[in-house]
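Numbering (my numbering), first residue to last: 412 to 893.
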């Protein structure tokens with residue numbers, strides 16, 4: 412393996428990969444069901460989808476502010492689909508470099524909205540990577556390798572940088588309820604509790620690194636302070652728990668004192684709103700890795716790495732053995748352990764949705780990531796988005812316009828055809844030639860029932876019809892959960 416491995420696979424992985432975008436094109440829909448639950452668990456309460464069953468779904472997102480595919484050399488329709496992907500370029504402007512990325516595979520999941528209550532279950536596999544606060548020379552070394560001649564025999568200092576990658580599986584149970592309803596005001600709340608099973612992890616956090624690439628064989632390193640942690644990928648290498656919390660206020664179009672969604676009492680359907688405001692805390696929790704794991708801490712360590720181009724590693728344990736051998740002569744400056752903890756990428760989010768009428772809506776969303784752990788976990792990047800959309804039971808289209816990390820504008824497009832969804836929050840590279848710093852696509856296949864097939868067929872339904880609360884010929888009703 413070439414000399415880039417000496418900067419650790421974590422840096423390489425994080426700098427070349429891009430959590431998720433939030434699937435803003437579809438997550439705020441009134442028919443989102445399982446797609447909206449990760450953004451705000453209270454969204455499943457009073458959903459227009461009575462039962463939403465996710466069969467399979469995927470979301471892939473990558474972003475960075477350093478490497479790009481040039482608009483002059485690359486055009487999606489001509490290159491990607493012909494298998495011709497050129498080498499990425501990069502621009503030098505002296506700024507710090509960041510990267511973030513997410514892969515989420517959604518397995519069997521469901522949401523059920525019934526009366527004042529809602530219930531959910533989900534399974535998912537997730538990968539999150541992040542690189543934070545890399546100096547430009549460090550980014551160039553990762554991109555070009557340590558043998559990059561223009562950066563030889565120059566003293567460099569890298570401070571407060573981090574590179575992180577975590578893979579885990581999760582199983583979650585969700586519950587939501589209408590907690591307040593009076594006049595046209597309604598408040599719903601929801602919670603998702605998640606069991607997290609760690610699969611693999613790699614992180615590097617440097618408080619300080621002073622170094623110089625002397626020539627094509629020697630790398631001088633001094634005053635290294637920081638830590639790295641690794642877990643070889645495998646089944647159940649760690650365990651933990653997480654939670655999502657959400658609250659939504661709705662200003663309804665009709666009075667809702669006796670409103671029970673999807674029940675005979677409320678005509679087997681739902682009442683629309685003029686606007687709604689949601690607030691949520693996402694991915695609060697972490698994982699303790701204790702199998703096939705290690706953590707090393709440096710304290711002002713120093714070494715001269717001879718023959719660095721000859722480094723030959725094929726696994727995380729090889730990387731660790733190589734690093735330890737290089738610092739063996741500097742005994743007493745490195746401490747070790749076989750277990751450690753990390754957090755998953757947490758965030759606070761605010762969502763606003765306005766009903767424009769005739770099935771048109773306008774949505775605004777803000778997501779701000781934060782860290783619960785500073786040395787083994789990366790940060791979820793920020794997002795601002797404005798999304799106009801048109802939605803009906805059978806068709807939906809939206810146009811998300813977003814600002815990622817408060818710096819990267821994106822325009823996307825998303826569709827739902829009954830229960831099949833596909834979208835991207837960054838579609839411009841498919842339309843016009845442009846420099847590409849990010850990519851995103853998501854899709855899912857579901858089974859959705861908009862109304863309970865038993866609604867209006869039992870004694871509760873007959874009583875509702877008799878009292879004039881259920882229109883003749885209404886297709887649905889279900890027993891009312893209070």
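Virtual Cβ for every residue (Gly too), placed ideally from N, Cα, C.
Proximal residues to residue 453 (C-beta, below 8 angstroms), its chain only, five neighbours per side dropped: 587, 599, 600, 601, 657, 658, 659, 689, 691
With DSSP collapsed to three states, give me the class of residue 790. coil
For the stretch 487-544, list the beta strand (DSSP E) runs that are entirely contained and at least 3 residues long, ordered along the chain. 508-517, 520-525
Assess contact between the stretch 513-528 and the stretch 547-555, defined as three or more Cβ pairs (one per stretch) separated by less than 8 angstroms. Is contact present? no
Are the stretch 855-864 and the stretch 662-670 touching by the rule of at least three beta carbon pairs closer than 8 angstroms? no
Taking the Cβ atom as the reference point for each residue, do residue 777 and residue 795 lie within a distance shorter than 7 angstroms? Residue 795 sits close to residue 777, with the two beta carbons spaced by under 7 angstroms.
With residue 753 and residue 696 assumed to form a contact (beta carbons below 8 angstroms), what rounded beta-carbon distance in angstroms separates them? Not really, about 10 angstroms apart at Cβ, beyond 8 angstroms.
Expected contact under 8 angstroms - CB spacing of residue 501 and residue 478 to nearest Å: 5 angstroms
Does any C-beta atom of chain B lie closer than 7 angstroms to the C-beta of residue 587? Here there is only one protein chain, and chain B is not present.
Three-state secondary structure assigned by DSSP to residue 901: Because residue 901 is not part of the residues shown, which for the chain are 412 to 893, the question remains open.
Please identify the residue among 804, 734, 792, 824 whose C-alpha is closest to the C-alpha of residue 817. 792
Of the residues 456, 446, 471, 455, the one placed nearest residue 465, counting alpha carbons only: 446
Taking only three categories from DSSP, how would you classify residue 455? Look at residue 455 here: in three-state DSSP terms it is helix.
Tell me where the beta strand (DSSP E) around residue 618 begins and ends. 596-624
Please report how far the alpha carbon of residue 737 lies from the alpha carbon of residue 609, in whole angstroms. 30 angstroms
Nearest-angstrom Cα separation, counted from residue 653 out to residue 770: When the Cα atoms are used, residue 770 and residue 653 turn out to be separated by approximately 35 angstroms.
Among 756, 775, 757, 834, the one whose alpha carbon lies nearest that of residue 764: 775
Taking residue 807 as part of the beta strand (DSSP E), name the residues at either end of that continuous run. 806-809
Where do the N-terminal and C-terminal ends of the alpha helix (DSSP H) with residue 842 fall, by residue? Note, residue 842: premise wrong, no alpha helix (DSSP H); not H, not E.
Close Cβ partners of residue 671 (< 7 angstroms) along its chain, the five nearest in sequence each way excluded: 526, 527, 677, 891
Compute the distance between the beta-carbons of residue 703 and residue 634, then report whether it is under 7 angstroms. no
Hey, out of 701, 830, 707, 821, whose CA is closest to residue 847's CA? 821
Closest to residue 636 by CA distance: which of 510, 560, 577, 615 is it? Comparing alpha carbon positions, the residue from 510, 560, 577, 615 closest to residue 636 is 615.
For residue 814, the nearest candidate out of 826, 849, 786, 801 (CA to CA): Comparing alpha carbon positions, the residue from 826, 849, 786, 801 closest to residue 814 is 849.
Kindly give me the distance between the Cβ atoms of residue 645 and residue 700, rounded to whole angstroms, as I take these residues to be in contact under 8 angstroms. With 8 angstroms as the limit, residue 645 and residue 700 do not qualify as a contact, their Cβ atoms being about 10 angstroms apart.
Closest to residue 595 by CA distance: which of 444, 785, 799, 686 is it? 686
Compute the beta-carbon to beta-carbon distance between residue 757 and residue 733, rounded to the nearest angstrom, for a pair I have assumed lies under 8 angstroms. In fact, because the Cβ distance is near 33 angstroms, the residues do not count as touching under 8 angstroms.
Beta-carbon within less than 6 angstroms of residue 631's beta-carbon, same chain only, minus the 5 sequence neighbours each way: which residues are those? 623, 625, 715
Do residue 532 and residue 521 have their CB atoms nearer than 7 angstroms? The Cβ-Cβ distance between residue 532 and residue 521 falls below 7 angstroms.
DSSP three-state call for residue 697: helix, strand or coil? When secondary structure is reduced to three states using DSSP, residue 697 falls in the strand class.
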